[in-house]
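Asker: To convert, note that position 332 of the sequence shown is 332 in UniProt numbering; the numbers rise steadily by one, no gaps.
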Amino acid sequence: MESEVQRPLADFPVNIWEDILNSFSKSELGSDSLKEKHITLKETVNESFTASRANPIENIMFIDTLCCINWYVFKNFEDEDGKFKAHLVADARGMLSLYEAAQWRIPGEDILDEALAFSNSQLEEISSRSSPHLAIPIKKALKHPFHKGISRIETRQYISYYEAEEKCDATLLEFAKIDFNLLQMLHRQELACVTRWHKEMEFESKITYTRHIVAEAYLWALGTYFEPEYSQARVALAIIVILYTALDDVYDAYGTKEELEIFTHALEKWLPEAPTGIPDSMKHFYRVIVDFYEKLSMILRRKGANGYMQEAKWLKKDYTAKFDEYKESAIVSSGYYGIMAVTFAGMGDVAKLDAFEWLSSHPKIRVASEFERKRKHVATGINCYMKQFGVSKERAAEEIFNIVSNAWKDLNQELMRPHSVNFSLLMPILNLSRVIHVFYRYQDAYTHPEFLKEHVVSLLVENIPI
């Protein structure tokens, strides 16, 4: 009997966005007057940029230059003994710029490692004695550096920081607010589409054991690319993330070993009908997967299922994987190949066949972006490391941190060297890494929506007062 089956059900948080999402309208459009104002302000701001009259532009140029300069320029920050000059600590903004620039470090650049450690320690001290206007952005940067942040979140926060500046350019500020609000309207329409699909697929009534996190899944897609030309791609990617989330929960929090073997076999064979021998809820979910992928005409259908099956076996056998084995399975079962492939597919003509061949060859930039933090009830990377090397939890956590840090160095290096594919295809890979950093750096914010609530509200619920 189904009621007698012992299932590893997870106690997932409730959906906190249902009422708000139901209020979103697909037909929400920006007013013509707002769009006209946007065009006028854009021309004015462009003139200001060209003439370099506004202080914010000088600041942006400085930051851009600092991020792009060769590491040797950092020698100017050192004294004769190779230590960073003491007087730098008095320049909070300069220290923050040094910290942000050092995020672009690559393997072998020891001076940038030193710059990051130095600026990090100094900024922690500076933030404790600074005014709120300066302390808030410093504390935010220490938690999520600009380079590792989700672009849309960084934009929204910077508008607030800039508005508090004494020499704020009113025209530039108004343009930024209108531009943000107009694009937000498009993003809300997209989220309404995803919400409607989720309801039509009857997730909450027929797939009750999974996380119902539509807003968070859309935020994942929004973090991958926010530009208006990728509107349809964002909707598709958000749905893919929802499907991967539910698939993850089927394996981790619902299916028995026998059911998962049947389910996995069906996915591997891509059977047109749901298999027998599994619960009705899993049959329904299987039909949802097949229906969506058939409509999307996906070629890349089967990646990921074996990785989930491997994790399920570890759970059932109470087996703690070796760390290297864990990393390999985490890369597969995280669904990143499928997510990246869908991301490429949504970018139009820029992603041709050679781009997918390049992606499937496991390029270093892809591998560097794929190592993710796993959930607690399956052996975590930290636990695997502790078991394999016989070290303490603290030592294992430190080593995992170093692995992730080195992966970012590899990612930076790959972004700086020539590739056989269009550079615009590399940005979503970087952005996916940024999403993971924001979602998982300190806790599983994806599963626990209260940790992402501020971002969902600021990006999708509340517009910026003009």
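For every residue, glycine included, the Cβ atom is placed at its ideal position computed from N, Cα and C.
Just so you know, these numbers come straight off a predicted model, no measurement behind them.
Looking only at its chain, what residues have a beta carbon closer than 8 Å to the beta carbon of Leu183, apart from the 5 residues adjacent to it on each side?
Answerer: Once the five neighbours on either side are set aside, the close Cβ partners of Leu183 are Phe226 and Pro228.
Asker: Considering only their Cβ atoms, is the gap separating Leu237 from Thr343 smaller than 8 Å?
Answerer: Cβ distance < 8 Å, so Thr343 and Leu237 count as in contact.
Asker: Less than 8 Å between the C-beta atoms of Ala217 and Val456, yes or no?
Answerer: Not a contact, by the Cβ cut-off of 8 Å.
Asker: Suppose contacts are defined by Cβ-Cβ distances below 8 Å. Is Lys269 in contact with Ile464 by that definition?
Answerer: No, these two residues do not count as a Cβ contact at 8 Å.
Asker: Check this for me: beta carbons of Leu41 and Phe175, under 8 Å apart or not?
Answerer: In this structure, Phe175 lies closer than 8 Å to Leu41 by Cβ.
Asker: Tell me whether Arg152 sits in a helix, a strand or coil according to DSSP, three-state version.
Answerer: In this structure, Arg152 counts as helix in the three-state DSSP scheme.
Asker: Kindly list the residues whose CB is nearer than 7 Å to the CB of Phe285, restricted to its own chain and excluding five residues on each side of it in sequence; keep chain order.
Answerer: If we look at Phe285 and ignore the five residues flanking it on each side, its Cβ neighbours are Ile207, Ala246 and Val250.
Asker: Taking DSSP as the reference, what is the three-state secondary structure of Arg105?
Answerer: If DSSP states are grouped into helix, strand and coil, Arg105 belongs with coil.
Asker: If you reduce the DSSP assignment to three classes, tell me which class Leu452 lands in.
Answerer: It is coil, neither helix nor strand.
Asker: Would you mind stating whether Leu411 and Ser433 have Cβ atoms separated by less than 8 Å?
Answerer: In contact: Leu411 and Ser433 (Cβ atoms closer than 8 Å).
Asker: From which residue to which residue does the alpha helix (DSSP H) around residue 501 run?
Answerer: This structure cannot settle anything about residue 501, because the visible part of the chain is limited to 1 through 466.
Asker: Out of Leu134, Phe263 and Ala397, which has the shortest C-alpha to C-alpha gap to Lys283?
Answerer: When only C-alpha atoms are compared, the closest one is Phe263.
Asker: Could you give the DSSP three-state label for Met282: helix, strand or coil?
Answerer: Correct three-state label for Met282: helix.
Asker: Considering only their Cβ atoms, is the gap separating His198 from Ile240 smaller than 8 Å?
Answerer: Against a cut-off of 8 Å, the Cβ pair of His198 and Ile240 comes out as no contact.
Asker: Pick helix, strand or coil for Gly94, following the three-state DSSP scheme.
Answerer: In this structure, Gly94 counts as helix in the three-state DSSP scheme.
Asker: Suppose you measure from the CA of Asn422 to the CA of Met347; what does that come to, to the nearest Å?
Answerer: Between Asn422 and Met347, the C-alpha separation is close to 11 Å.
Asker: Less than 8 Å between the C-beta atoms of Leu112 and Leu142, yes or no?
Answerer: No, the pair does not count as a contact, with Cβ atoms beyond the cut-off.
Asker: Helix, strand or coil for Tyr230 per DSSP?
Answerer: Helix.
Asker: What is the DSSP secondary structure of His133, counted as helix, strand or coil?
Answerer: DSSP places His133 in helix when its eight states are reduced to three.
Asker: What does the Cβ neighbour count give for Gly223, buried or exposed, with the cut at 16 atoms within 10 Å?
Answerer: Answer is buried; the Cβ neighbour count reaches 16.
Asker: Whole angstroms are fine: how far does the CA of Ala407 sit from the CA of Glu154?
Answerer: One C-alpha to the other measures close to 22 Å.
Asker: Quick one: what's got a C-beta closer than 8 Å to Lys140's C-beta in the same chain, skipping five residues either side?
Answerer: Result list for Lys140: Gln157, in chain order.
Asker: So, are the CB atoms of Ala266 and Pro275 less than 8 Å apart?
Answerer: Contact: yes.
Asker: Measuring only the C-alpha atoms, how far is Val281 from Arg196?
Answerer: Before going on, a small fix: residue 281 reads as Ser here, not Val. C-alpha separation (whole angstroms): 20 Å.
Asker: I'd like the span of the alpha helix (DSSP H) that includes His437, first residue to last.
Answerer: Run containing His437: Leu426 to Tyr440, per the alpha helix (DSSP H) assignment.
Asker: Leaving out five residues before and five after Val194 in sequence, what residues of the same chain have Cβ atoms less than 8 Å from its Cβ?
Answerer: Closer than 8 Å at the Cβ level, and outside the excluded window around Val194, lie Val214, Ala217, Tyr218, Val235, Ala238, Ile239 and Ile242.
Asker: At what residues does the alpha helix (DSSP H) containing Thr195 begin and finish?
Answerer: Looking at the DSSP string, the run of the alpha helix (DSSP H) that includes Thr195 is Ala170 to Glu200.
Asker: List the whole-angstrom C-beta distance separating Met95 from Ile126, where the pair is believed to meet the contact cut-off of C-beta under 8 Å.
Answerer: 7 Å between Cβ atoms; contact.
Asker: Applying the criterion that 16 or more other CB atoms from any shown protein chain within 10 Å of the CB defines a buried residue, is Gly149 buried or exposed?
Answerer: Its Cβ being crowded by 16 or more others within 10 Å, Gly149 is buried.
Asker: Could you give the distance in angstroms between the alpha-carbon of Arg287 and the alpha-carbon of Lys295?
Answerer: One C-alpha to the other measures close to 12 Å.
Asker: Span of the alpha helix (DSSP H) holding Met386?
Answerer: Note, Met386: alpha helix (DSSP H), Gly381 to Phe389.
Asker: Out of curiosity, what's the CA-to-CA distance linking Ile447 and Gly381?
Answerer: Checking the sequence shown, residue 447 turns out to be Thr, not Ile. Computed Cα separation, rounded: 18 Å.
Asker: Can you name the start and end residues of the alpha helix (DSSP H) that Ser205 belongs to?
Answerer: Note, Ser205: alpha helix (DSSP H), Phe203 to Lys206.
Asker: In angstroms with no decimal places, state the Cα-to-Cα distance between Tyr209 and Tyr254.
Answerer: Their Cα atoms are separated by approximately 7 Å.
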